[in-house]
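Asks: Residue numbers (my numbering), protein chains in the order written: chain A, 26 to 331; chain B, 66 to 430. Glycine included, C-beta positions come from ideal geometry on N, C-alpha and C. The following block contains the structure, expressed as structure tokens.
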């Protein structure tokens, strides 16, 4: 090795070391803030529940077993935990429905905004973000005010003579769904708008020119081209929906629980931290599997289109 | 209606904006485009030529007038029902499809069976000499190749009329020249009526069977390239097509359709009189730079005009002489360079200008 090469080599090594040093603060924060709590949750899920909450430092798989099974208090036999399973299924169903509804409502909204003139577009995007200025809890209680038996919808329908007695809307899955769609709709509209804004509308004209009807243009040209926005929006809506806590607890009335409420219950009244931790990790796994499945499917669709 | 007209435009107007901001992009246009014709809409940007094309394509709808395609009024028909196809200025190829899928799109939308689509796509690829690119992504193609795909895509459904919106403007000079010949070949081979929009007068002159010159939403003149170049209808057309010298003048007398003219410098000329002109009218005399020549004393020529040489520009094939006339007006001569001939003129020289009587056109002021 010539002295010159040696110098270059040293220089490269120092450069690499400096990069690590400079990024160290960020790495420490990422490790502590993101991975740290996750590790705590993971460890807690394998410990024994303390009598007044908290955990006893004694290894146990009870937490994990109780995610889907329950131990009979008398004969210690294990049976299937219907309650937990129904909460899992309800969460999945409501989250998928929320995502689909948000997509169905958000798509035309984003298309409408993207086809406005530049100046008006900014105004519309601004209007879409207004709900973010208000606390989630307050928005959810506003929803409650609309849906309850003496609320806006029922009063209106009774006054119009459509119905004679109020419809029970509150504390149903429908109420939770309506609330979640309302809360998460902007998260769908914004990424959809971002990719529609980039859409070259001359391609739409080219589609019409080549005998595609408006529906065919939507299916063959617009949707394939704004798919990244649809995927991003769906992810942004699906993930928080699955773990939603405030909306189901206010609009579902504690009766129609979702995963978020179940987890909260284990850390609160249930005093079963290992079970709460195990459910949390299960939730995370469901999200990861769902995302992998979704992205892969959507991605391969993209490829087959060319 | 004459059956050999592919397109007839009758009193078509298209306005943008409302109330006092209302602007006519096309106003009261009348035009007949014949079958199997290479027809060009020519004009500066904003003259309404693209709007007129979009009206034919169906991307815009006229507020007034009739638009006939082979005798059928299509003014209110949506674009996906019109048997016309467009080659877009930006090509507008679908980025999520292969070359072959792009070309086959129109046929698929028409519900043609897959075998027929494939056969037609192969035929089109051959027509535009892109056979080996069928499976490529459109983003992997050069500008000229994208252009060919756009052409093939628009020709594949065998439209009754092909509309081309400045398709060559994004190409470099050499490629543009090639594509001009290519387009002309495709038009002859397919026998489809082409309606071509351009602001490039040279392009229009070389390719078209007939040209419509447009300005601020009006069609000023329709005719063959020669008619438009040699006998422009007015000053705008004369100025827009090619280079022109304009001289102010006055008609002193008209006899048997020949007008005697007097220029301010006292020069007397005679030329065919424009219609409905009368003695005493102020007119404009037009002389093309290549029709005028510097007088040579050796040949004993009498100058029609004289002035001082302001600038000489050597262009390879030709030389431009910019001359300042005695009354301060500018006059340009374009003279072909011949082998062995050395130009002996210098800037500042006083020189004479001459042109044959047939080079003079009289335009209404």
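If you reduce the DSSP assignment to three classes, tell me which class residue 310(B) lands in.
Replies: strand
Asks: Taking the runs of the alpha helix (DSSP H) that are 4 residues or longer, which of them lie wholly in the segment 65 to 98 of chain A?
Replies: 87 to 93
Asks: Of the residues that make up the segment 105 to 137 of chain B, which ones have a beta carbon closer than 8 Å to any beta carbon in chain A?
Replies: 122, 123 and 124
Asks: Beta-carbon of residue 245(A) versus every beta-carbon of chain B: anything under 9 Å?
Replies: For residue 245(A), the answer is yes, since a Cβ of chain B falls inside 9 Å of its Cβ.
Asks: My assumption, with CB atoms under 8 Å, is that residue 425(B) sits in contact with residue 396(B). Please give the rounded CB distance.
Replies: Between residue 396(B) and residue 425(B) the Cβ distance is about 13 Å, and since that is not below 8 Å, they are no contact.
Asks: Assign residue 351(B) to one of two classes, buried (16 or more other C-beta atoms within 10 Å of its C-beta) or exposed (fewer than that).
Replies: That one is buried.
Asks: Is it a yes or a no for the segment 179 to 189 of chain B touching the segment 210 to 227 of chain B, going by three-plus beta-carbon pairs under 8 Å?
Replies: yes
Asks: Would you say residue 84(A) and residue 214(A) are within 9 Å of each other, going by their C-beta atoms?
Replies: no
Asks: Looking at the structure shown, is residue 220(A) part of a helix, part of a strand, or coil, going by DSSP?
Replies: helix
Asks: Work out the CA separation of residue 281(B) and residue 88(B) for me, nearest whole Å.
Replies: 10 Å
Asks: Cβ closer than 7 Å: which chain B residues qualify as neighbours of residue 238(A)?
Replies: Within 7 Å Cβ-Cβ: 145.
Asks: Could you tell me which chain B residues have their CB closer than 8 Å to the CB of residue 233(A), listed as they occur along the chain?
Replies: 123, 124, 143, 144 and 145
Asks: In whole angstroms, what is the alpha-carbon distance linking residue 217(A) and residue 161(A)?
Replies: 22 Å
Asks: Please identify, using Cβ separations under 7 Å, the residues of the segment 358 to 384 of chain B that lie next to chain A, in order along the chain.
Replies: none
Asks: Chain B partners of residue 249(A), CB-CB under 8 Å?
Replies: 161
Asks: Counting only C-beta atoms, is residue 227(A) closer than 9 Å to chain B at any point?
Replies: yes
Asks: Of the residues that make up the segment 220 to 232 of chain B, which ones have a beta carbon closer than 8 Å to any beta carbon in chain A?
Replies: Those residues of the segment 220 to 232 of chain B that come within reach of chain A (Cβ to Cβ, closer than 8 Å) are 222.
Asks: Whole angstroms are fine: how far does the CA of residue 233(B) sit from the CA of residue 420(B)?
Replies: 36 Å
Asks: Since residue 12(A) is in the alpha helix (DSSP H), which residue starts that stretch and which ends it?
Replies: Lying outside 26 to 331, the shown extent of chain A, residue 12(A) is not represented and no answer is given.
Asks: Can you name the residues of chain B whose CB is closer than 8 Å to the CB of residue 222(A)?
Replies: None at all; the shortest Cβ gap to chain B is about 16 Å.
Asks: Quick one: list the residues of chain B neighbouring residue 230(A), beta-carbon separation under 9 Å, in chain order.
Replies: 119, 122, 124, 144, 151, 153 and 157
Asks: At a Cβ threshold of 9 Å, is residue 241(A) touching chain B?
Replies: yes
Asks: Am I right that residue 103(B) and residue 292(B) are in contact with their C-beta atoms under 8 Å? What's the rounded C-beta distance?
Replies: Not really, about 15 Å apart at Cβ, beyond 8 Å.
Asks: Quick one, which residues of the segment 160 to 186 of chain B are near chain A if we go by CB-CB under 8 Å, in chain order?
Replies: 160, 161, 162, 163, 166, 170, 171, 174 and 175
Asks: Check whether the Cβ of residue 213(B) lies closer than 9 Å to any Cβ atom in chain A.
Replies: no
Asks: Taking the continuous alpha helix (DSSP H) assigned at residue 234(A), which residues delimit it?
Replies: Where residue 234(A) is concerned, the enclosing alpha helix (DSSP H) stretches over 226 to 234.
Asks: Does any CB atom of chain A fall closer than 9 Å to the CB of residue 218(B)?
Replies: yes
Asks: Measuring alpha carbon to alpha carbon, tell me which residue in 392(B), 357(B), 365(B) and 368(B) is nearest residue 384(B).
Replies: Here the closest residue by C-alpha is 357(B).
Asks: So what does DSSP say about residue 321(B), is it helix, strand or coil?
Replies: coil
Asks: Just confirm the distance between the C-beta atoms of residue 174(B) and residue 236(A), as a whole number of angstroms; I'd bet it's less than 8 Å.
Replies: 4 Å
Asks: Could you say which of 205(A), 166(A), 92(A) and 265(A) lies nearest to residue 126(A) if we only look at CA atoms?
Replies: Nearest option by C-alpha distance: 205(A).
Asks: Going by alpha carbons, who is nearest to residue 146(B) out of 159(B), 158(B), 122(B) and 127(B)?
Replies: Per the Cα distances, 122(B).
Asks: For residue 52(A), collect the residues of the same chain with a Cβ closer than 6 Å to its Cβ; drop the 5 residues on either side in sequence, then sort them by chain order.
Replies: none
Asks: Got a sec? Which residues, its chain only, sit under 6 Å from residue 15(A) by beta carbon, not counting five neighbours each side?
Replies: This structure cannot speak to residue 15(A), because chain A is shown only from 26 to 331.
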